[in-house]
Amino acid sequence: MVGKIVEVYPRKIIRNEAVIKPGVTYGRQSKLPQQAINSRSQLQDAIYQSPPSWLDDDDVDDAITDENWLDVAKVFSEFAQAIGVLGSVPFGLKGDHAFGTVVIMRDRSVGGEWEAGRWDLPGLVTVGKMSKVVWIVGILLWMCCVWVCNGQGEYVLYKDPNQKVSDRVVDLLGRMTLEEKIGQMVQIDRSVATINVMRDYFIGSVLSGGGSSPLPQATAQNWVDMINEYQKGALVSRLGIPMIYGIDAVHGHNNVYNATIFPHNVGLGATRQVLLINTWDPDLVKRIGAATAVEVRATGIPYTFAPCIAVCRDPRWGRCYESYSEDHKVVEDMTDVILGLQGEPPSNYNHGVPFVGGRDKVAACAKHYVGDGGTTRGVNENNTVTDLHGLLSIHMPAYADAIYKGVSTVMVSYSSWNGEKMHANTELITGYLKGTLRFKGFVISDWQGVDKISSPPHSNYTASVRAAIQAGIDMVMVPFNFNEFINDLLSLVKSKAIPITRIDDAVSRILLVKFTMGLFENPLADYSFSNELGSQAHRDLAREAVRKSLVLLKNGNKTNPMLPLPRKASKILVAGTHADNLGYQCGGWSITWQGLSGNKNTRGTTILGAIQSAVDQSTEVVFSQNPGAEFIKSNNFSYAIIAVGEPPYAETAGDSDKLTMMDPGPAIVTSTCQAVKCVVVVVSGRPLVMEPYVASIEALVAAWLPGTEGQGITDALFGDHGFSGKLPVTWFRNTEQLPMSYGDSPYDPLFAYGSGLETESVASIVARSTSASAASTKPCLVTVLCLFLFPSLSRVFQKMKSYKSLE
């Protein structure tokens, strides 16, 4: 045997390291490289992109000529086919000896810092006695020989992308040690991830918690570079299993500076019409999902913890804005966002099996399983008290839809069902989710969710780990104390408290997702999608989503509506806490976990900025956040636009029994609307107490949490587009009525579920006024079109019957 394998890891992996040409797949089943390397210069680039200091570029140029480059490429091909297995070999020549280390990665070779040490090469003679061409070919052949002689060059099924995914999973699982299997079940926060941690503990996944980024205002390239560093650590482990990086991209790529931030889910739920109305765009959330996916991929991330498909039954819950609606039917329909995030499975696809359809798509995660939106008094992480029928009929249907559409992962809820923690509920995770619904992807815990099985959290950690894994959780989000989790799980398996079959099931599901999404073939990200982050096309889509999400709750009276507003006026007032605050527009889960105040945290357009751009040049726009009564009277404003609402919050921090506007919102509305004709825009993640102010308000708009594109609000206010949104939740009169959802008795809301006035665009109004005949035929045409949009009228009539109480 010539040479030997030397397991030396480099101190530093250098930039742009690929010795084999990037983008070309090599392996025992692959085609020869010369089909991709079509010139001498390409071959030179492929062999030495980062040569050692003692080898000049001229040496390579002289050694490879126009006449012999194809012969060298053939040898290079044989070398490429031999390095199918991860490892490291001695490399480099000086006199009669070899020195240094090159790390052989799956499908590519990566150079590192040249290590001290020497290894004899008895099969090679002094460089000076060889022609340069023979020298280079000799090194390549020797490296092939090293791998083959050490048994490293045999065909490895799990590395072959032409094999069935199920066969690849079985092959890889059979090669794994218990430690490697448990490592795959671990997801850690990026703050504790290093190349060494990834390699030594075989970590299967890394995440960014809310606000966790590589740098303040990090670019897409910064994100890619960081994630690739973690990935390299995973790839140099014994079997080279790539890790999967996850992030909460819950309304666009909301953690990332300069990304497009879409309306939160409650706003998107308002775009889903509850009755036969032809303005609903059923593909809107699918397009938003696709845009979000490519922006997430732009930062090198292949996995998002979205969508949240909770059914919010009480607006006091601090996560209500993450829910599309109080109506499970609307939430079911909105699971189409998964088709945008992951791609649409082919018609013959096996439902229940994860699907990710390309490098511009991401693995999605339906959350939080199950019943998180139904807790008592809307308290986050609390207890949902309902019988099995209530759970299955209200909170479960959207999961069935998500699984049918190929969702890759499901996240378990912090909450309990009738006193039993969901993270330890075997009946619902293993029995119903994996059994009845036939979900084949992996189940992931929430952030430190296993810790919270016990009370107080982490008080009986080993028992909690056992309960969670036995219940059917496959991957554990254990951001910091991963050592403790790994050691506990190892002990539990070795003592047979947890059977190895449960571990094998968990790891098989994780590997299934990784193979399905092509992570083994393309583990490292690049900059190819970086221009998609915050692109104008995506911002235009977000603007469209904003205007379609707006719900017009009051508009003067039928004979004298206030909206649409005239663009041309002598002077208008813009007021309120939310008029010039991009952070408030975006809400929680925006740049940071709890959200931020101000306009410097990311790029976007405030409501004030949108108004200033929308009005006529001759119109004077005056902004005063909290104008006094005398100021208003002395300025003789034509009208006022007031934006008020809630401060940003996330999760438990948003739980509230009061549900009032933040101060001084109530005073601003009262004083301004009594002095001048006003439209009030409510920026909030849920209905707020508005009954005391409605009488003085001329027009009232629910804008939800619209995100970065404030121009979507002015598109409707000034009549570029009409209002079409419908309330996805019941708007209560006072909090004493809560919980209250449509269908309850008594049901006496301020604005009923499904409410929402409609207006026409200015262009439509002008067209209608000049064509009376067209206006008279329009209602008939709309009715016919709506009927044809539904292949089955049974659901329509059933839905109309469901909303009879709202008429």
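Residue numbers (the numbering used here): 5 to 811. Here a beta-carbon is modelled for each residue, glycine too, at the ideal position from N, C-alpha and C.
query                                                                                                                              : result
Unbroken alpha helix (DSSP H) run spanning C677, endpoints                                                                         : 669 to 679
Simplified DSSP assignment, three categories, for L556                                                                             : strand
Opposing strand residues paired with T596 [DSSP bridges]                                                                           : S594
Exposure label - C489; buried when at least 16 CB within 10 Å                                                                      : The sequence given here places Phe at residue 489; Cys does not occur at that position. Classification for F489: buried.
Cβ-based neighbour list, S135, same chain, cut-off 6 angstroms, excluding 5 preceding and 5 following                              : At S135, the pLDDT of 41 sits below 50, so the modelled position is not reliable and the matter cannot be decided from this model.
Closest by C-alpha distance to H257, when choosing among D455, T712, E764, G716                                                    : T712
Separation of R363 from L523, as counted between CA atoms                                                                          : 9 angstroms
Alpha-carbon to alpha-carbon, L345 and P696                                                                                        : 42 angstroms
Terminal residues of the beta strand (DSSP E) in which D455 lies                                                                   : Unbroken run through D455: none, as it is neither H nor E.
Beta-carbon contacts of I615 that lie in its chain and below 7 angstroms, excluding the five residues immediately before and after : V578, V625, I645, T718
Cβ neighbour criterion (16 or more within 10 Å) applied to V686                                                                    : buried
Short CB-CB distance (under 9 angstroms) between M666 and chain C                                                                  : Looking for chain C here will not work: only one protein chain is present.
Counterpart residues of L177 in DSSP-defined beta bridges                                                                          : According to DSSP, L177 bridges with nothing at all.
For I611, the nearest candidate out of C590, W597, Q598 (CA to CA)                                                                 : C590
Where the beta strand (DSSP E) containing E762 begins and where it ends                                                            : Counting along the chain, E762 falls outside any beta strand (DSSP E), and DSSP gives it neither H nor E.
Alpha-carbon spacing of N561 relative to S749, whole angstroms                                                                     : 30 angstroms
Where the beta strand (DSSP E) containing W735 begins and where it ends                                                            : Segment: none, W735 is in no beta strand (DSSP E) and carries neither H nor E.
For H355, three-class secondary structure by DSSP                                                                                  : coil
Three CB pairs or more closer than 8 angstroms across the stretch 463 to 471 and the stretch 482 to 497                            : yes
C-beta contact flag for V189 and A238 at 9 angstroms                                                                               : It should be pointed out that residue 189 corresponds to Met in this sequence rather than to Val. No, the pair does not count as a contact, with Cβ atoms beyond the cut-off.
C-beta contact flag for Y307 and S412 at 9 angstroms                                                                               : yes
Inter-residue CB distance, V659 and W321 (contact presumed, cutoff 8 angstroms)                                                    : Reading off the sequence, residue 659 comes out as Asp, not Val. Yes, they are in contact, since the Cβ atoms of D659 and W321 sit about 7 angstroms apart, within 8 angstroms.
Assigned secondary structure, N387 (DSSP; H/G/I helix, E/B strand, else coil)                                                      : strand
With 16 other Cβ atoms within 10 Å as the buried cut-off, status of L176                                                           : buried
Check whether F519 and V173 have beta carbons under 9 angstroms apart                                                              : yes
Nearest-angstrom beta carbon gap, H372 and S417 [assumed within contact, 8 angstroms]                                              : 4 angstroms
Alpha-carbon to alpha-carbon, P691 and E702                                                                                        : 18 angstroms
Segment limits, alpha helix (DSSP H) that includes L494                                                                            : 486 to 498
The alpha helix (DSSP H) enclosing D509, as first and last residue numbers                                                         : 504 to 520
Cβ-based burial, K808 [other Cβ within 10 Å; buried from 16]                                                                       : Any reading at K808 must be qualified, since the residue scores a pLDDT of 33, below 50, and its modelled position is unreliable; the value itself is stated next. So K808 counts as exposed.
Beta-carbon spacing of N384, R317 below 9 angstroms                                                                                : no
Environment of T596 [buried if 16+ CB atoms lie within 10 Å]                                                                       : buried
Span separating the alpha-carbon of N564 from that of T339                                                                         : 40 angstroms
Beta-carbon contacts of L219 that lie in its chain and below 7 angstroms, excluding the five residues immediately before and after : N226
Under the three-state DSSP convention, the category V106 falls into                                                                : For V106, the pLDDT reaches just 35, beneath the cut-off of 50, and the residue's location in the model is therefore unreliable, leaving the point undetermined.
A529, DSSP secondary structure in three states                                                                                     : coil
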